[in-house]
Structures are given as structure tokens and as C-alpha cells.
Amino acid sequence: MRTSNAMALALLAVSGCGYDGDFLFHSPTEDAPGVIDLKAQSGGAFEPVELNLAQMTDIREQITVLANTDNRTPAQDAELAQLQDDLEALQDDGRAAVLAATTYAEVGPNSEPFPSGATFEFFGNGGDICIFVDPELVYWPQSVSTISPSAQYRFPDNVYDDGDIDLRVGLSVYYRGTPGLRMGGFEVQYADDLGNGVAIDLVACKPLNDYQNQEPHAGRASVEYCTVRNTQPGVSYTAALEAFSLPRDDGRLAFGFVVSNGPCDGATDSLVGLMAPVGIGNTGVNQECVITGEALPAKAEGEGANLYYGYQEGRSYPGSEDFEETYCSGSGLLDFCREEVRALRDQGLQCDYQGVDADPTRRCFCGDRAETPSPGARR
Numbered sequence: 030m031r032t033s034n035a036m037a038l039a040l041l042a043v044s045g046c047g048y049d050g051d052f053l054f055h056s057p058t059e060d061a062p063g064v065i066d067l068k069a070q071s072g073g074a075f076e077p078v079e080l081n082l083a084q085m086t087d088i089r090e091q092i093t094v095l096a097n098t099d100n101r102t103p104a105q106d107a108e109l110a111q112l113q114d115d116l117e118a119l120q121d122d123g124r125a126a127v128l129a130a131t132t133y134a135e136v137g138p139n140s141e142p143f144p145s146g147a148t149f150e151f152f153g154n155g156g157d158i159c160i161f162v163d164p165e166l167v168y169w170p171q172s173v174s175t176i177s178p179s180a181q182y183r184f185p186d187n188v189y190d191d192g193d194i195d196l197r198v199g200l201s202v203y204y205r206g207t208p209g210l211r212m213g214g215f216e217v218q219y220a221d222d223l224g225n226g227v228a229i230d231l232v233a234c235k236p237l238n239d240y241q242n243q244e245p246h247a248g249r250a251s252v253e254y255c256t257v258r259n260t261q262p263g264v265s266y267t268a269a270l271e272a273f274s275l276p277r278d279d280g281r282l283a284f285g286f287v288v289s290n291g292p293c294d295g296a297t298d299s300l301v302g303l304m305a306p307v308g309i310g311n312t313g314v315n316q317e318c319v320i321t322g323e324a325l326p327a328k329a330e331g332e333g334a335n336l337y338y339g340y341q342e343g344r345s346y347p348g349s350e351d352f353e354e355t356y357c358s359g360s361g362l363l364d365f366c367r368e369e370v371r372a373l374r375d376q377g378l379q380c381d382y383q384g385v386d387a388d389p390t391r392r393c394f395c396g397d398r399a400e401t402p403s404p405g406a407r408r
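For the numbering used here, add 29 to where a residue sits in the sequence shown, where the first one is 1.
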């Protein structure tokens, strides 16, 4: 018996020697470098887009005063109507400016055992500056409750087309990575009185949770953003977008980002508040819908990685913008998921959930409902 056990252990050891987990990872490609340093369309640092948020707030306050005035005169009614028109015009201009200022890019697997990612530079101007990034595509937790299910999320998300980016922003002088070569953090080394080396974190802003505490980063396919408060005029800042995970279907992570003046959120007149779908109170939906069209299909071999300045309709995966629009509407996601399954079934086909076959005609943005977990035993 002892001899048999020993032989079995030896065989296990030998069979395990060749295991390296390569099958879990995509191979690097020249078309989509693992680490990139992005430049603005002008070739230099990115300039924050001006959204005139302070002017919007001022007009909104004037509207509130007039709207609450008893026995308004015709002249006051006319003034109120004009202010509302002015506010709407400013909002439309701001939304158009965000779309024009959004940059789209992609990174691929790294050839070294280090994270993939991207960096870009901007300069402080004395005010608050918002950095907002959205990796492909959309993620939601499936509703599996048997007591109070949410019809909107009865289908699971397709996790194979999602990526994850972790955002850090700090003064460029503190950045420890090498732009275009290797990702890094923002810290300096300090030796205490005992000679122990201590790393001091000098990140200027990290994403905040609902309690306004700095936390680790948002999950798969979730947006990340942070506001650098009271930036130093003329001083260089670096935004590091570290790719925590790449999409499992193709190993290429497309994303969109925008740099704007003013706060990211926390007020009606902020980047998220400006771009949020009207009437949708869900915070996650509001954030996800600031940037759309970031699910970019890979270019043909030899044509390099995606890099675009400004939003353009129809540039992303066919159907992906309809998918995002449905998600941003706050309803209809269940019907969308059912329809994409039915449409393929009518052709005698099935969804390619994992992207293994790389067949765009079978690409489905919702996940496989057969993978829904069971609720477990009940007494």
C-alpha cells in the first residue's frame, strides 16, 4: 500500500511539473501594446474640457428664486422662461463638449509579468479637475431573489467581454512607473529612525465609495473617476489607468476617458450630473452612461490599436450602443436579452457567450441564463 501511494504521489508531481497556467492568459500582440502613454490630439498634455458648471449653478439658483416668487409679473414669467432656456442651452453645449473631448483607446496583454495600462498627462489650473474612465462594457449583478426579483436584471451579464481599470492620479514628479513602458504608483521612499524603508502614498485622488471613503477600486466593467481638488496651476499631473483585468474573449481592453473642469459628482451641476439620463435615479446607471461607445472591435491585423478623439456613432461593436442605450434607459434590459437569444435561435444559432469562435454575428452582450445559480435548499 505504501509503495502504491508513493508511486501515485510521484506521478502527480511529474504531471504537475509542466503546468504554468499559460492557457489562462492571452499572448501579447504588437497591434495592442500592453502599456501605452497617451497624448492629446495636439500631441501634448490633455486640457480639461470646460463645462460652465458654475454658470449653470448660478442660473439654477435664479430659477429657484423666481419659481418660488408669489404673484409673479408677466415680466418675471418671461425672465423665468428665458433662464430655463439658457440653462438648457448650457447643458446641451456641455454634453456636446464631453462627447467631443472623450478619448478612446485600448491596451492588450503585457509581455512582462506586470499590469497592462495607460497613462496620460494634464496640467493643474488652480481649480478642481475630474478624471473619468469607462472600460468596456457594462456589468450588473444578476437578480436571483425568489422573494423580490428585479425583472431588469434577471439575465446574467456576459462577463467575457468586460474589462477592469483601476484609476490613480497624482503629481507627475511622484509617479514611479515609466510612461509607455511600465505601470506604477505614486509614492516616495522614506527611511524611519530605525532604518526601515517606508513607502508614502502620494496619490492625489482615488475613487470614493458612497461614504466618501477612499477604497480599493470598482469592479469589472465599472467606471472609475475622481476629482483632484484645488490643482496646482501649471504643475504636471499624471493619470495612471491600470488594467486590472482584460476581457476574456479577446484579451484587448478598450476604454474611454474624459478630463473636465469641476467635480465629477456630488452635485447636480457636475460631470455625472450633466451626463446622467433624465429621470434615472440609479447611481450606477448614471455613472455608466457618461461615456458610451467604448466597446471597440479590434482593427485588422497589422493596423495597430484603436485610438480615437471624440465620440462617433457606430464605431463600436454592432449592437453595443443599443445595448448601452437600453441599460441607460433604466428598463427594457430583460426584453433586450430575450430578443438577442431569440433572434439567433430563429437562425438555428446560439449566442457565442465566451467569444471563443470570434464570430461577431453570434456575439451576445447578455450572459447565459443557464448559468443562473440556484437558490439552494429551503426548509
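For every residue, glycine included, the Cβ atom is placed at its ideal position computed from N, Cα and C.
All of these numbers come straight from a predicted model, not from anything done at the bench.
Subject >> Rounded separation between S33 and Q383 - CA only >> reply: Because S33 carries a pLDDT of 46, less than 50, the predicted location of this residue cannot be relied on, and no value is offered for it.
**OP:** Tell whether a beta-carbon distance below 9 Å holds between D278 and D186.
**Re:** no
Subject >> Under the three-state DSSP convention, the category L282 falls into >> reply: strand
Original post:
Going straight from the alpha carbon of T256 to that of P103, what length do you get?
Top reply: 42 Å
Original post:
With a CB to CB cut of under 8 Å and the five nearest residues on each side skipped, what residues in its chain are close to V217?
Top reply: Y203, A228, I229, L231
Original post:
Taking the C-alpha atoms as reference points, what is the distance between G156 and A83?
Top reply: 12 Å
Subject >> Chain-order list of residues whose beta-carbon lies under 6 Å from that of S349 (same chain, five-residue window excluded) >> reply: A324
Original post:
Which value, in whole angstroms, describes the spacing of the CA atoms of A329 and E135?
Top reply: 14 Å
Subject >> DSSP state of A37 mapped onto helix, strand, coil >> reply: With a pLDDT of only 48 at A37, under 50, the local geometry of the prediction cannot be trusted, and the value read off the model is given with reservation. Helix, per DSSP.
Original post:
Fully enclosed by the stretch 109-196, which beta strand (DSSP E) runs are 3 residues long or longer?
Top reply: 132-136, 145-152, 158-164
Original post:
Which term fits E90, buried or exposed, when burial requires 16 or more other beta carbons within 10 angstroms of its beta carbon?
Top reply: exposed
Subject >> CB contact flag (A220, G214, <9 Å) >> reply: no
**OP:** May I have the straight-line CA-CA distance separating Q70 from Y168, to the nearest angstrom?
**Re:** 30 Å
Original post:
What is the rounded straight-line gap between the Cα of D375 and the Cα of N290?
Top reply: 49 Å
Subject >> Residues that T256 bridges to, as DSSP identifies them >> reply: C159
Subject >> Close Cβ partners of E342 (< 8 Å) along its chain, the five nearest in sequence each way excluded >> reply: G322, E350
**OP:** Could you check which residue in P326, D294, S201, D115 has the C-alpha nearest to that of S265?
**Re:** S201
Subject >> Cβ-Cβ separation, A250 to E165 (assumed contact under 8 Å), whole Å >> reply: 7 Å
**OP:** Just the C-alpha distance for R392 and N100, rounded to the nearest angstrom, thanks.
**Re:** 59 Å
**OP:** On the DSSP bridge assignment, give the partners of E216 in chain order.
**Re:** D230
Original post:
Taking the runs of the alpha helix (DSSP H) that are 4 residues or longer, which of them lie wholly in the stretch 318-406?
Top reply: 349-357, 362-374
Subject >> CB contact flag (E253, G146, <9 Å) >> reply: no
Subject >> 3-residue-minimum beta strand (DSSP E) runs that sit fully inside the stretch 55-79, ordered along the chain >> reply: 64-67
**OP:** Please classify L82: does DSSP put it in a helix, a strand, or coil?
**Re:** helix
Original post:
Secondary structure at V264, three-state DSSP: helix, strand or coil?
Top reply: coil
**OP:** Output the boundary residues of the alpha helix (DSSP H) element that contains V301.
**Re:** 300-304
Original post:
What residues in its chain sit with their C-beta under 7 Å from that of G63, if we drop five residues either side in the sequence?
Top reply: P57, V136, G137, P138, N139, S140, S145
Original post:
Would you call the CB atoms of E317 and Y356 closer than 9 Å?
Top reply: yes
**OP:** Return the chain-ordered list of same chain residues with a C-beta closer than 6 Å to the C-beta of P306, the five sequence neighbours on each side being excluded.
**Re:** C318, C357
Original post:
Considering only residues of the same chain and omitting the five flanking positions on each side of T390, which have a CB-CB separation below 7 Å?
Top reply: none
**OP:** Closer than 6 Å by C-beta to T86: which residues in its own chain qualify, once you throw out the five before and the five after it? Chain order, please.
**Re:** D298
Original post:
Just the Cα atoms here: how many angstroms apart are G224 and L275?
Top reply: 39 Å
Subject >> Beta-carbon proximity of P208 to T132, cut-off 9 Å >> reply: no
Subject >> Straight-line Cα distance separating V173 from L119 >> reply: 42 Å
Original post:
Looking at C-alpha atoms only, which residue of V198, D122, P77, L109 is the closest neighbour of N154?
Top reply: P77
Subject >> Spatial distance of L196 from P326 (CA atoms) >> reply: 23 Å
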